[in-house]
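Data block below; observations after.
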Ligand SMILES: [Zn+2]
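Numbering (the working numbering), first residue to last: 52 to 518.
Quick look at the structure:
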């Protein structure tokens, strides 16, 4: 079966044929860094990390570009409210995003360009558009530069609207001297006290849409394979990116992939709600790998309606996988990932990245593996465990992978292991002399210290307590 994706632009599933054989170029609209990320932001990161890993597994050399929007109205507002420079707000929140991506096991992009580092490229693109009659500088000297939507008949092709249906969106810029209210700002003329950069048309700052066209072209070329982002970016952001680049004569993205949004109680995540769902808060409820499992398990195009119950169910599902692989490693020693994933798993991911179907294959393997271990069939268990590691590697969820297995500090875990073993030995001794009060007290003290002990057939196992 061949790899295929649902392409928003074609409104159908299309076979993936890259521009250059053996190579896949991917652009993802990254963070606007006005605040630290909540799980809705990071869902996109996880979805496209799985895409990137699957492309790599499928033999493509992947160039992955994810931008950072480090100047915009919201960043300027935060900077004014806090009385600190805009770049301090951007810097701080970009670090929070990077930390969140790392925490959830998203591989770093090949390149992570910032908007303000690409002003010359944006000026060049605006010049091309002005020369071709697709853009104009406002005649009032404000420094605004607009895209002329009526000059580009295909405008609306991505979001499937005709020009007469298009409603001007709030972020199209001020209405200073526009030829048509639907024209959108490529460049926003400077207002007093705001950061600005020099251009042939006056001082100002980048429009959001222009940045992505300029940066994707710089790093991936005038034509590239896949453009990704959240479903809420289709219009106006991606429509405008496409119009700018195509009007300038570039082929631009050949496939458009959009991830569904994360809602709470059926509603889009609000800022106040988002504040309670920042990554540091969420990884106190479950471990980072369990949060990744939760965010990645649903089909990338579906809406996730967040609930604590669903999060904990996902954590329990992940623990079943982890439980088998941990026991298998205890019985079998080191388990090497298989060279290939099972065909059913490959078919699922080839089919528009069907992670939920892929996870069904994973859990089938876990059940079979547990049966094999219980029957003492080591050969079978080893084969299953190897295939599991291969599949989980593609999903970024392999419990035996260094990132998750060590929790970043294997040495400390070994020390705690030894201390817990001492405590459990004393508990066993207390039970032996029928001093149940003392035995219970030891368990209570461990719980108090944040350690949960579970008695398993292989002996007691401990973990850190999670709320
Ligand atoms: Zn973008």
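Just so it is clear, CB atoms sit at the ideal spot from N, CA and C, and this is done for glycine as well.
First and last residue of the uninterrupted alpha helix (DSSP H) at residue i
i           : result
residue 421 : 406-425
residue 66  : Per DSSP, residue 66 belongs to no alpha helix (DSSP H); it is in the beta strand (DSSP E), 63-66.
residue 150 : 137-154
residue 240 : Unbroken run through residue 240 is the beta strand (DSSP E), 235-240; no alpha helix (DSSP H).
residue 124 : 124-133
residue 339 : 339-348
residue 103 : 90-108
Cutoff 9 Å: residue i Cβ touching any chain B Cβ
i           : result
residue 363 : Structure shown: chain B not included; a single protein chain is present.
Range covered by the beta strand (DSSP E) that runs through residue i
i           : result
residue 454 : Where residue 454 is concerned, there is no enclosing beta strand (DSSP E), although the alpha helix (DSSP H) it sits in stretches over 453-456.
residue 208 : Unbroken run through residue 208: none, as it is neither H nor E.
residue 394 : Not the beta strand (DSSP E): residue 394 falls in the alpha helix (DSSP H), residues 394-401.
residue 513 : 510-515
residue 322 : Unbroken run through residue 322 is the alpha helix (DSSP H), 322-326; no beta strand (DSSP E).
residue 112 : 112-117
residue 382 : From DSSP, residue 382 is part of no beta strand (DSSP E) but of the alpha helix (DSSP H) over 359-383.
residue 165 : Element bounds for residue 165: n/a, residue is neither H nor E.
residue 232 : No beta strand (DSSP E) holds residue 232; DSSP gives it neither H nor E.
residue 305 : 303-310
residue 197 : 196-198
residue 55  : 55-58
residue 276 : 274-281
residue 190 : Note, residue 190: premise wrong, no beta strand (DSSP E); not H, not E.
residue 203 : Here residue 203 belongs to no beta strand (DSSP E), and DSSP marks it neither H nor E.
residue 257 : 255-257
Cβ-based neighbour list, residue i, same chain, cut-off 7 Å, excluding 5 preceding and 5 following
i           : result
residue 144 : 84, 85, 86 and 87
residue 477 : 493
residue 97  : 155, 157, 343, 346 and 347
residue 459 : In this predicted model, residue 459 has a pLDDT of only 45, less than 50, meaning its place in the structure is not dependable; the value taken from the coordinates is given anyway. If we look at residue 459 and ignore the five residues flanking it on each side, it has no Cβ neighbours.
residue 109 : 54
residue 519 : Nothing about residue 519 can be read from this structure; the chain reaches only from 52 to 518.
Cβ-based neighbour list, residue i, same chain, cut-off 6 Å, excluding 5 preceding and 5 following
i           : result
residue 314 : 354 and 356
residue 114 : 76 and 161
residue 296 : 264 and 303
residue 498 : none
residue 328 : 89 and 90
residue 372 : 417
residue 66  : 53 and 55
residue 398 : 52
residue 442 : 392, 396 and 413
8 Å contact criterion, which residue i and residue j should meet: CB distance rounded
i           : j           : result
residue 432 : residue 383 : 6 Å
residue 252 : residue 218 : Between residue 218 and residue 252 the Cβ distance is about 27 Å, and since that is not below 8 Å, they are no contact.
residue 280 : residue 289 : 6 Å
residue 312 : residue 91  : 7 Å
residue 440 : residue 451 : 6 Å
residue 56  : residue 306 : 6 Å
residue 351 : residue 284 : That pair is no contact at about 14 Å.
residue 61  : residue 203 : About 19 Å separates the two Cβ atoms, so there is no contact after all.
Nonlocal neighbours in the same chain, by C-beta distance under 8 Å from residue i, ignoring five residues either side
i           : result
residue 437 : 386, 387, 388 and 389
residue 241 : 194, 247, 253, 254, 255 and 256
residue 178 : 251
residue 516 : 498, 501, 502 and 503
*List in chain order the residues whose CB is within less than 5 Å of at least one heavy atom of ligand 1.*
80 and 263
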